[in-house]
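Visitor: In our numbering, the protein residues as written are 355 to 658. Every residue gets a Cβ at the ideal spot worked out from N, C-alpha and C, and that includes glycine. Bear in mind that the values here come from a model prediction, so they are computed numbers and not experimental data. What follows is a structure written as structure tokens; I'll ask about it next.
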Amino acid sequence: MRPVFDALITDLKHSSKLFMDETRAPVLDPGSRQTKTGYFWALARGDHPWGGGAPPGVAFTYAPGRGGIHAEQILQGFSGVVQVDGYAGYNRLIAPERVGPDIRLAYCWAHARRKLVEIICNGSAPIAEDGVKQIGELYRIKAELRGLDPEARLSRRQERSAPLVADMHAWLIHHRARVANKSPLGEASAYIGKYWDGLKLFLTDGRIEIDNNTVERTIRPIALNRKNALFAGHDAGAENWATIASLIETCKFNGVDPLAYLTSTLTAIVNGHKQSRIEELLPWCCTQGNVAASEATKCFKFSG
């Protein structure tokens, strides 16, 4: 299945707007009788909120660490916007000395809001509550604009969201000057201020979402399976885990039954499907969607 995965990640990187996130991948460390911590890096496409024609998908890549160099290697050849959380490793993608295609980072309002919600959960916090309320207005507008084309989304964001973002910026400046830097509110506001340029990037491009929840949803099954399987047996096992998880989650993204897809794809490969036509085996090419496993072989035209 590795050639199919390679075709999947190549197709994703032909896009101009992607999401990225990472999650732990425990792997057995031979000889030590312990596990080491690797990472699954998720690269996802989800253009449906603005009516984009490219099919949704996600590709997980296993790497032995969490350093930004892994994100850079995965994105090699990609040019465009990457929507991420506030993990500092992504700064490598926009470092001035970096040589390669231009990448812009859009940051996540859900993570900004989460910092304030944590303060509220620990007691009365009217300032944090006000910040959450303002961010909530951005989400209300997001819901109303879902499905519109990028031009319409951009126009209405500039009309309705931009004043809210300006008010939020004024709120940020006002309170950062009045609270202790080491206080929970000081740390939360410093986080928001640090990523401000990327948080407001959605006001310049109707394709950009206000959060990276699209990719976070694809990671949840990985986290659940991590609890069930405990760990991968070795690095190669983790790579295989990432490959199969990529195809299964992309099937789910496209309303395709994963078992039916895997059955039909493996049958096609066994029957001699040509490497030059590997793109025909990508999950979104299984046009019947949710097809029964017994009908799986009808999804593709086999060669040979």
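Who are the Cβ neighbours of Arg-446 in its own chain at under 6 Å, not counting the five residues just before and after it?
Guide: Only Gly-422, Glu-426 meet the Cβ criterion.
Visitor: Measuring CB to CB, does Ile-562 end up less than 8 Å from Ala-460?
Guide: Going by C-beta atoms, Ile-562 is nearer than 8 Å to Ala-460.
Visitor: At the level of alpha carbons, what is the spacing between Pro-612 and Thr-621?
Guide: One C-alpha to the other measures close to 14 Å.
Visitor: Can you list, in chain order, the stretches of the alpha helix (DSSP H) that have 4 or more residues and sit fully within the stretch 594 to 649?
Guide: Counting whole runs of 4 or more residues, the stretch 594 to 649 contains the alpha helix (DSSP H) stretches 612 to 624.
Visitor: Measure the alpha-carbon distance for Leu-555 versus Lys-367 and round it to whole angstroms.
Guide: Near 20 Å, if we compare the C-alpha coordinates of Lys-367 and Leu-555.
Visitor: Span of the alpha helix (DSSP H) holding Arg-510?
Guide: Residues 504 to 510.
Visitor: Just to confirm the assignment, what range does the beta strand (DSSP E) spanning Gly-501 have?
Guide: Unbroken run through Gly-501: none, as it is neither H nor E.
Visitor: Have a look at the DSSP bridge pairing and note the partners of Leu-382.
Guide: Answer by DSSP bridge pairing, in chain order: Thr-389.
Visitor: Three Cβ pairs or more, each shorter than 8 Å: is that satisfied between the stretch 384 to 404 and the stretch 499 to 507?
Guide: Yes, since at least three Cβ pairs between the stretch 384 to 404 and the stretch 499 to 507 fall closer than 8 Å, the two stretches touch.
Visitor: Taking C-beta to C-beta, are Ala-396 and Val-381 nearer than 8 Å?
Guide: No, they are not a contact pair.
Visitor: Only counting the same chain, and skipping five residues up and downstream in sequence, which positions put a Cβ closer than 6 Å to that of Asp-365?
Guide: Nothing listed; no residue qualifies.
Visitor: What would DSSP say about Arg-399, mapped onto helix, strand or coil?
Guide: Here Arg-399 sits in strand by DSSP.
Visitor: What does the alpha-carbon distance come out to for the pair Ile-457 and Gln-437?
Guide: Going by the C-alpha atoms only, they are around 10 Å apart.
Visitor: On the criterion of 16 or more Cβ atoms from any shown chain inside 10 Å, does Ser-537 qualify as buried, or is it exposed?
Guide: Burial call: exposed.
Visitor: CA-CA distance, Ala-577 and Ile-448?
Guide: Distance between the alpha carbons of Ala-577 and Ile-448: 29 Å.
Visitor: Using only alpha-carbon positions, find the residue among Phe-373, Glu-541, Lys-390, Pro-455 that is nearest to Asp-589.
Guide: The residue with the shortest Cα to Cα distance from Asp-589 is Lys-390.
Visitor: For the alpha helix (DSSP H) that Tyr-545 lies in, which residues bound it at each end?
Guide: Unbroken alpha helix (DSSP H) run through Tyr-545: 538 to 548.
Visitor: Quick one: residues in its chain with C-beta nearer than 6 Å to the C-beta of Gly-434, no 5 flanking neighbours on either side, listed in chain order?
Guide: Once the five neighbours on either side are set aside, the close Cβ partners of Gly-434 are Ser-370, Lys-371.
Visitor: Beta carbon of Asn-594, beta carbon of Pro-637: below 8 Å?
Guide: No, these two residues do not count as a Cβ contact at 8 Å.
Visitor: Looking at the structure shown, is Phe-585 part of a helix, part of a strand, or coil, going by DSSP?
Guide: Coil at Phe-585, not helix or strand.
Visitor: Taking Cβ positions, are Leu-635 and Thr-619 nearer each other than 8 Å?
Guide: Taking 8 Å as the Cβ cut-off, Leu-635 and Thr-619 qualify as a contacting pair.
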